[in-house]
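Residue numbers (the numbering used here): 13 to 214. Glycine included, every Cβ here is placed at the ideal spot set by N, Cα and C. Keep in mind the model is a prediction, meaning the values are calculated, not measured. Here is the structure we will look at.
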């Protein structure tokens, strides 16, 4: 029976390798290519550890790090939905729920339940850990956009109102990090990387 448990864990670990093939819309800091989900998750884990002192409330850092590590695993099936893709976001939750129903049960029951609950907690964004995790999840692509001269924002012609809407809850996890993010946003508005208004296509 123990071997069966071990095999399930190994199967899940191998399945998670697929996150390396799910590419996001955010470019690497040098603008050379777009990052994948595995890189995004690793970056968030590092940020959680380094920036935990700026959380609005003291958080369980181990829980937060695990939360950001697994929050996008469902994209193996559901794919990455760009933050500013209005159409794609309409059925995002449905696609991700279906993915969660398949992916987490690959694990032994106890671990499947633990990770599914953690994913649901992140999605609900109610606990202090979830709020800080969301702050980091919003900040990371913003930092990479800033470092790459707004490459993704320019590619998708993103407007300021959309960026602010996307980040409307960022300060709930950390006001300090939100203030830093605002400085980055302002610089990219000044540089023309973020548009003030949508220019209708001819």
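Determine the contact status of residue i and residue j, defining contact as a CB-CB distance below 8 angstroms.
i           : j           : result
residue 130 : residue 78  : yes
residue 171 : residue 208 : yes
residue 120 : residue 21  : yes
residue 19  : residue 164 : no
residue 134 : residue 124 : no
residue 39  : residue 186 : no
residue 111 : residue 89  : yes
residue 156 : residue 193 : no
residue 144 : residue 76  : yes
residue 23  : residue 118 : yes
residue 12  : residue 68  : Coverage of the chain is limited to positions 13 through 214, which leaves residue 12 absent and any answer about it impossible.
residue 166 : residue 95  : no
residue 158 : residue 196 : yes
residue 92  : residue 35  : yes
Name the DSSP bridge partner or partners of residue i?
i           : result
residue 39  : 46
residue 171 : 207
Give the secondary structure of residue i by DSSP, where H, G and I count as helix, E and B as strand, and everything else as coil.
i           : result
residue 71  : coil
residue 197 : helix
residue 94  : coil
residue 214 : For residue 214, the predicted model reports a pLDDT of 48, less than 50, meaning its position is unreliable; a value from the coordinates is still stated below. In the structure shown, residue 214 sits in coil (DSSP, three-state: anything other than H, G, I, E or B).
residue 139 : coil
residue 23  : helix
residue 153 : helix
residue 86  : coil
residue 52  : helix
residue 185 : helix
residue 160 : coil
residue 103 : coil
residue 117 : helix
residue 129 : helix
residue 123 : helix
residue 180 : coil
Using the Cα positions of residue i and residue j, report the straight-line distance between them to the nearest angstrom.
i           : j           : result
residue 71  : residue 60  : 10 angstroms
residue 86  : residue 191 : 31 angstroms
residue 97  : residue 48  : 18 angstroms
residue 203 : residue 26  : 43 angstroms
residue 17  : residue 126 : 15 angstroms
residue 62  : residue 51  : 17 angstroms
residue 205 : residue 149 : 20 angstroms
residue 137 : residue 80  : 12 angstroms
residue 107 : residue 43  : 29 angstroms
residue 199 : residue 162 : 10 angstroms
residue 168 : residue 174 : 11 angstroms
residue 84  : residue 141 : 16 angstroms
residue 105 : residue 188 : 30 angstroms
residue 201 : residue 176 : 12 angstroms
residue 82  : residue 113 : 14 angstroms
residue 132 : residue 57  : 18 angstroms
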